[in-house]
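Numbering (the working numbering), first residue to last: 45 to 563.
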Amino acid sequence: MASSSSSSTLMMHHVFLSFRGEDTRLNFTSHLLEALKSEGLDVFFDEEKLEKGEQLSQALSRAIAVSNISIIVLSADYASSKSCLVELSDIMIRKRSHGHTVIPIFYHVDPSNVRKIGGSFETSFKEHESKQPTDTVQPWKFAFAEIGTLKGWHIEGGKFDRPETEYIKDVVEYVIKKLTNIGFESASEELVGIEYQKNAILKLIKQKDCRVIGLWGMGGQGKTTLAEAVYKKFYSVFESRWFLQNVREEIKKQGKESLRKEFLSKLLDSNVDIGTPSIGSTLTQERLNKKKVLVLDDVDDSDQIDYMGVQYFGSGSKTIITSRDRQVLESGGADGTIHEVKGLNEIDSLQLFSTFAFKQLNPAVGFQDLSRRFVKYTQGNPLALKVLGSDLNKRSKSYWESKVEKLKDCPPEKKISEALKSSYDGLDLVEQNIFLDIACFFKGEPMERTKLILSGCYKGAECGINKLVDKCLINVSTSYWRYSTIWTSGIFGDAISMHDTLEEMGKDIVCQESKTLGN
Numbered sequence: 045m046a047s048s049s050s051s052s053t054l055m056m057h058h059v060f061l062s063f064r065g066e067d068t069r070l071n072f073t074s075h076l077l078e079a080l081k082s083e084g085l086d087v088f089f090d091e092e093k094l095e096k097g098e099q100l101s102q103a104l105s106r107a108i109a110v111s112n113i114s115i116i117v118l119s120a121d122y123a124s125s126k127s128c129l130v131e132l133s134d135i136m137i138r139k140r141s142h143g144h145t146v147i148p149i150f151y152h153v154d155p156s157n158v159r160k161i162g163g164s165f166e167t168s169f170k171e172h173e174s175k176q177p178t179d180t181v182q183p184w185k186f187a188f189a190e191i192g193t194l195k196g197w198h199i200e201g202g203k204f205d206r207p208e209t210e211y212i213k214d215v216v217e218y219v220i221k222k223l224t225n226i227g228f229e230s231a232s233e234e235l236v237g238i239e240y241q242k243n244a245i246l247k248l249i250k251q252k253d254c255r256v257i258g259l260w261g262m263g264g265q266g267k268t269t270l271a272e273a274v275y276k277k278f279y280s281v282f283e284s285r286w287f288l289q290n291v292r293e294e295i296k297k298q299g300k301e302s303l304r305k306e307f308l309s310k311l312l313d314s315n316v317d318i319g320t321p322s323i324g325s326t327l328t329q330e331r332l333n334k335k336k337v338l339v340l341d342d343v344d345d346s347d348q349i350d351y352m353g354v355q356y357f358g359s360g361s362k363t364i365i366t367s368r369d370r371q372v373l374e375s376g377g378a379d380g381t382i383h384e385v386k387g388l389n390e391i392d393s394l395q396l397f398s399t400f401a402f403k404q405l406n407p408a409v410g411f412q413d414l415s416r417r418f419v420k421y422t423q424g425n426p427l428a429l430k431v432l433g434s435d436l437n438k439r440s441k442s443y444w445e446s447k448v449e450k451l452k453d454c455p456p457e458k459k460i461s462e463a464l465k466s467s468y469d470g471l472d473l474v475e476q477n478i479f480l481d482i483a484c485f486f487k488g489e490p491m492e493r494t495k496l497i498l499s500g501c502y503k504g505a506e507c508g509i510n511k512l513v514d515k516c517l518i519n520v521s522t523s524y525w526r527y528s529t530i531w532t533s534g535i536f537g538d539a540i541s542m543h544d545t546l547e548e549m550g551k552d553i554v555c556q557e558s559k560t561l562g563n
């Protein structure tokens, strides 16, 4: 049990609670403990907190190893306790080696002081260094600074902050969601609030007569992320499987014939070259009839579904297709089994927004009402929440107020697109031009090649690209590069990716700016 990953199975304890007894035992921690236990959760916490030197007791170390989640209540005097630091060091080692889930709660302390070991924490560590060998204190400092980089709750206190009971309620709900997902963690680190949708699709998949499942929704709604989470849950029980991303885009790049050949060759684990518009070979049809699972992501024409041979998959096979067009899914065989991917609810939207706007799971004091207004304008669209939150990160309150007033005047049907465009408007001229160039020419291109070309056009191009990454307007992913007129096929490396909705926005901006089409 101790050597198993905490993210793969439920363990002896649901939660390991680490705290500085003198600081929070009689207030916040006791209330949190009571709330966790009232939900039926098994919580391990060290009642004694005795200073027994720097050696962590075997009982505590074992308790950490057999807990799914560790909650660390970081209070003002946490770092003054040797036992707390040894405990924290062990927890963070387990996070690095086994993917152990760690949730920090910054209780009346500034997260930046934890990251940088500043304020009272600096004093505490200087005292430890005066009494302990350097090689003993250094791992403590490393673990302490590391937990300051994790996303958690920041409880500032004071008359302008929320009641602690509300924070405790949020923490308990978050823990329950994490425990519910153990064994099939989502593909995305920032994935929030899709458990009920994922479970609905899994129920459809278990139905024997349900062979083709459609995921339908607007751009940026999380269709691909949801499909990937479902796929990772059940793909291992099938004889062969494949997740074909960006079908529409890949067909534009390499053509239908090339994509189908590559897809069928991967799926059937052999070199397949059909050579005709339809899959006429009886042998190929028979091989496709065996138990398989497939995801076709971002399909915009039902002919693409037929062309890939979905109709030849056997009764035990499952195909998930994502599209913005419901008619495409109905014509492609998903009639009656189409799931509309809806926006996040207000609580999940606020958590996702805060993850990017504040790098924590709740809005900062003084920004709660503004955050809720932004969340309302995004209508639960994950892409808009992510992009808007990234743009507002570390901005002044006056900037927030100006931006929210701008969105207020937009008609409801344009609020999401305007929220995305407002991040573009906040870029300087060079950054805007780089964004437009990427939208038109460099999506899917190798990062190094893109930097090389854009550096010949703009000063500080690399800084501009990094700014776009920080604002979630583009992503960098390790990609298998299939084809390029300049680069050799078959190269692994970092490639630039951009959400389709942002790509369309960029191209629309270019079209509006150009007086002569084609220029």
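Quick reminder that beta carbons are idealized off the backbone N, C-alpha and C, glycines included.
*Within the same chain, show all residues whose beta-carbon is closer than 7 Å to that of Glu548, passing over the 5 residues directly before and after it, in chain order.*
Translated into the one-based positions of the sequence shown, residue 548 becomes position 504. There are no such residues.
*Return yes when the Cβ of Leu259 is within less than 8 Å of the Cβ of Phe188, no when it is not.*
Numbered from its first residue, the sequence shown carries residue 188 at position 144. Numbered from its first residue, the sequence shown carries residue 259 at position 215. No. Outside cutoff.
*asked:* In chain order, what are the residue ranges of uninterrupted alpha helix (DSSP H) at least 4 long that sit wholly in the segment 352 to 434?
replied: Counting only runs of 4 or more, we get 370 to 373, 390 to 401, 412 to 422.
*Which residue or residues does DSSP assign as beta-bridge partners of Tyr151?*
Your numbering for residue 151 matches position 107 in the sequence shown. In the DSSP output, where bridge partners are listed per residue, Tyr151 has Ile199.
_So, with DSSP's three-state summary, where would you put Leu340?_
For this step, residue 340 is matched to residue 296 along the sequence shown. Here Leu340 sits in strand by DSSP.
*asked:* Could you compute how far the alpha carbon of Glu83 sits from the alpha carbon of Leu308?
replied: By one-based count along the sequence shown, residue 83 stands at place 39. By one-based count along the sequence shown, residue 308 stands at place 264. When rounded, the distance between both Cα atoms is 48 Å.
*Less than 8 Å between the CB atoms is what I'm expecting for Leu104 and Asp90, so what's the real figure, rounded?*
As a position in the sequence shown, residue 104 is number 60, starting the count at 1. As a position in the sequence shown, residue 90 is number 46, starting the count at 1. Confirmed, about 6 Å.
_Less than 8 Å between the C-beta atoms of Ile108 and Phe60, yes or no?_
Within the sequence shown, the letter at position 64 stands for residue 108. Within the sequence shown, the letter at position 16 stands for residue 60. Yes. Within cutoff.
*Where the alpha helix (DSSP H) containing Phe88 begins and where it ends*: Looking up residue 88 in the sequence shown gives position 44. It is not in any alpha helix (DSSP H) - Phe88 instead sits in the beta strand (DSSP E) that spans 87 to 89.
*Out of Val554, Ser558, Thr545, Ile553, point me to the one whose CA is closest to Gly264's CA.*
Stepping through the sequence shown from its first residue, residue 264 is reached at position 220. Cα-wise, what sits closest to Gly264 is Thr545.
*Does the pairing of the segment 179 to 186 with the segment 207 to 221 give three or more beta-carbon distances under 8 Å?*
no
*Measuring alpha carbon to alpha carbon, tell me which of Lys310, Lys221, Gly196, Asn510 ends up nearest Lys403.*
The residue labelled residue 403 in the question sits at position 359 within the sequence shown. Lys403 has its Cα closest to that of Gly196, out of Lys310, Lys221, Gly196, Asn510.
_Exposure of Cys507, with buried meaning 16 or more beta-carbon neighbours within 10 Å_ = Mapped onto the sequence shown, residue 507 falls at position 463. The residue is exposed, with fewer than 16 neighbouring Cβ atoms inside 10 Å.
_Phe72, enclosing alpha helix (DSSP H) - first and last residue_ = Residue mapping note: residue 72 aligns to position 28 of the sequence shown, counting from 1. From DSSP, the alpha helix (DSSP H) with Phe72 extends over 72 to 82.
_Taking its Cβ as the centre, do 16 or more other Cβ atoms sit within 10 Å of Tyr240, making it buried, or is it exposed?_
Residue numbering aside, residue 240 sits at position 196 when the sequence shown is read from its first letter. Burial call: exposed.
*Taking only the alpha-carbon atoms, compute the straight-line gap between Gly201 and His152 and give it to the nearest angstrom.*
Walking along the sequence shown from the start, residue 201 turns up at place 157. Walking along the sequence shown from the start, residue 152 turns up at place 108. Between the alpha carbons of Gly201 and His152 lies a gap of roughly 6 Å.
*In whole angstroms, what separates the C-alpha of Met56 from that of Phe485?*
Looking up residue 56 in the sequence shown gives position 12. Looking up residue 485 in the sequence shown gives position 441. The straight-line gap from Cα to Cα measures roughly 53 Å.
*asked:* Less than 8 Å between the beta carbons of Val513 and Asp538, yes or no?
replied: Locating residue 513 in the sequence shown gives position 469, counting from the first residue. Locating residue 538 in the sequence shown gives position 494, counting from the first residue. Their beta carbons are not under 8 Å apart, which means Val513 does not touch Asp538 by this criterion.
*Give the straight-line distance between the Cα atoms of Glu92 and Gly143, rounded to the nearest whole angstrom.*
Reading the sequence shown from its first residue, position 48 is the one you call residue 92. Reading the sequence shown from its first residue, position 99 is the one you call residue 143. Because Glu92 sits at a pLDDT of 48, beneath the cut-off of 50, its placement in the model cannot be relied upon, and the following sentence gives the value as read from the coordinates. Each residue's alpha carbon lies about 28 Å from the other.
*From the DSSP output, in three-state form, read off Leu94 for me.*
Your numbering for residue 94 matches position 50 in the sequence shown. Here the model assigns Leu94 a pLDDT of 39, short of 50, so the residue's position is not dependable, and the following value carries that caveat. Residue state, collapsed to three classes: coil.
*Select from Thr180, Asp435, Leu429, Ile212 the residue whose C-alpha is nearest the C-alpha of Ile115.*
Here residue 115 refers to the residue found at position 71 when the sequence shown is read from its first residue. Of Thr180, Asp435, Leu429, Ile212, the residue nearest in Cα terms is Ile212.
*To which residues does DSSP link Phe60 through a beta bridge?*
As a working mapping, residue 60 is identified with position 16 in the sequence shown. Per DSSP, the beta bridge partners of Phe60 are Phe88, Ser114.
*asked:* If distances are taken between C-alpha atoms only, which option among Leu118, Glu210, Ile147 comes closest to Ser111?
replied: For this step, residue 111 is matched to residue 67 along the sequence shown. When each option's Cα is compared against that of Ser111, the closest is Ile147.
*asked:* Classify Glu294: buried if its beta carbon has 16 or more other beta carbons within 10 angstroms, exposed otherwise.
replied: Counting from one through the sequence shown, the residue named residue 294 turns up at place 250. So Glu294 counts as buried.
*Is Val146 helix, strand or coil by DSSP?*
Looking up residue 146 in the sequence shown gives position 102. Three-state result, Val146: strand.
*Three or more C-beta pairs closer than 8 Å, one from the segment 117 to 126 and one from the segment 367 to 375: is that the case here?*
no
*For Phe342 versus Thr366, is the C-beta spacing smaller than 8 Å?*
As a first step, residue 342 must be located in the sequence shown, where it is residue number 298. As a first step, residue 366 must be located in the sequence shown, where it is residue number 322. Before going on, a small fix: residue 342 reads as Asp here, not Phe. It is a contact, given that the beta carbons lie within the stated cut-off.
*Start and end of the beta strand (DSSP E) containing Val281?*
Here residue 281 refers to the residue found at position 237 of the sequence shown. No beta strand (DSSP E) contains Val281, which DSSP labels as neither H nor E.
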